[in-house]
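For reference, the structure is listed below as C-alpha cells.
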Amino acid sequence: MDPLLLIDFGSTYTKLTALDLDEERILGRSQAFTTAASDIKEGLDQALERLEASLGRLDYRARLASSSAAGGLAMMVSGLVPELTAEAARMAALGAGAKIVRLFSYELSREDLDFISQSPPDIFLLTGGTDGGNREVITANAAGLARLPVRRSRERYWGPDMDSDKITAYMVLHDILVTMAYLIAPFT
Numbered sequence: 002m003d004p005l006l007l008i009d010f011g012s013t014y015t016k017l018t019a020l021d022l023d024e025e026r027i028l029g030r031s032q033a034f035t036t037a038a039s040d041i042k043e044g045l046d047q048a049l050e051r052l053e054a055s056l057g058r059l060d061y062r063a064r065l066a067s068s069s070a071a072g073g074l075a076m077m078v079s080g081l082v083p084e085l086t087a088e089a090a091r092m093a094a095l096g097a098g099a100k101i102v103r104l105f106s107y108e109l110s111r112e113d114l115d116f117i118s119q120s121p122p123d124i125f126l127l128t129g130g131t132d133g134g135n136r137e138v139i140t141a142n143a144a145g146l147a148r149l150p151v152r153r154s155r156e157r158y159w160g161p162d163m164d165s166d167k168i169t170a171y172m173v174l175h176d177i178l179v180t181m182a183y184l185i186a187p188f189t
C-alpha cells in the first residue's frame with residue numbers, strides 16, 4: 002500500500018481524504034470544524050484522529066494540503082451544448098461551492114483558449130462525450146487545454162528554475178488526479 006493524505010482547509014470544515022496510490026482507491030475520508038480562530042492545526046488533528054479511528058495509523062508518502070476557504074474555487078466549465086451538458090456541469094459546480102467564472106459550450110475556439118490562458122481558473126471542468134456521446138468535442142477541448150501553460154500559482158508557471166522537489170510534488174498530484182478521475186469514471 003502506498004497511502005497519500007489530501008487535506009482541504011475550508012472556511013467551515015477541514016476535510017481529509019486518504020488514497021492508496023498502488024490500488025488506485027480511496028481509503029477513507031473524515032472532517033472536523035476548521036479552527037482558524039485559534040490554531041488551524043487543532044481542526045486538522047481532530048480530523049486526523051477521526052480518520053485514524055476508521056483506518057488505523059498510516060505512514061503517508063506525502064500530505065498535500067489546499068484551501069477552499071474564502072469563496073471556493075474559481076471554475077470554468079465546458080459542455081457540449083448549453084441546454085444539456087453545460088447546464089448540468091454548471092449546476093454540479095455550483096453545488097460543490099465553486100464560483101463559475103465562465104461557461105463554454107461546443108469546441109473551444111482559439112479566442113476561448115486565449116481567454117482561459119489570460120485568466121486561468123483554479124479548476125476547469127470538462128463534461129460530455131461519454132457513454133456513447135460526442136467524444137470529438139471533449140477530446141479536442143482537453144487537447145487544447147493541455148497545450149496551455151501549466152500554472153504553479155496565479156503568478157508563476159513551470160520553468161527552468163523549478164526545483165526537482167516541486168516537480169516531483171506536481172507529478173504526484175497529477176497521478177492522483179488521473180487516479181481519481183479513473184475511480185469516478187473509468188476510461189474505456
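If you read the sequence shown in my numbering, its first letter stands for residue 2, the second for the next number, and so on.
Even glycine gets a Cβ: it sits at the ideal position worked out from N, Cα and C.
Quick caveat: nothing in here was measured; it's all calculated off a predicted structure.
In angstroms, rounded to a whole number, what distance separates the CA positions of Ser-55 and Phe-10? One-based indexing of the sequence shown puts residue 55 at position 54. One-based indexing of the sequence shown puts residue 10 at position 9. C-alpha separation (whole angstroms): 21 Å.
Taking the alpha-carbon positions, what's the Leu-20 to Gly-29 distance? Counting from one through the sequence shown, the residue named residue 20 turns up at place 19. Counting from one through the sequence shown, the residue named residue 29 turns up at place 28. Their Cα atoms are separated by approximately 7 Å.
Backbone CA spacing between Lys-100 and Ala-66 [nearest angstrom]: By one-based count along the sequence shown, residue 100 stands at place 99. By one-based count along the sequence shown, residue 66 stands at place 65. Answer to the nearest angstrom: the Cα atoms are 20 Å apart.
Does Leu-17 come out as helix, strand or coil in the three-state DSSP assignment? On the sequence shown, residue 17 is found 16 positions in, with the first residue counted as 1. Leu-17: strand per DSSP, three-state reduction.
Cα-Cα separation between Leu-45 and Leu-127, rounded to whole angstroms: Taking the first residue of the sequence shown as 1, we reach residue 45 at position 44. Taking the first residue of the sequence shown as 1, we reach residue 127 at position 126. Approximately 31 Å between the Cα atoms of the pair.
Could you give the first and the last residue of the continuous beta strand (DSSP E) run that contains Arg-30? Translated into the one-based positions of the sequence shown, residue 30 becomes position 29. Counting along the chain, the beta strand (DSSP E) containing Arg-30 begins and ends at 26-34.
By the three-class DSSP mapping on this structure, what secondary structure does Asp-46 have? By 1-based counting over the sequence shown, the position of residue 46 is 45. It is helical.
Assign Pro-34 to one of two classes, buried (16 or more other C-beta atoms within 10 Å of its C-beta) or exposed (fewer than that). Here residue 34 refers to the residue found at position 33 when the sequence shown is read from its first residue. Sequence inspection shows Phe at residue 34; the Pro mentioned does not correspond to that position. Burial call: exposed.
Which residue's Cα is closest to the Cα of Ser-106: Ala-147, Ala-94, Ala-87 and Asp-3? In the sequence shown, counting from the first residue as 1, residue 106 sits at position 105. With distances taken between CA atoms, Ser-106 lies nearest to Ala-87 out of Ala-147, Ala-94, Ala-87 and Asp-3.
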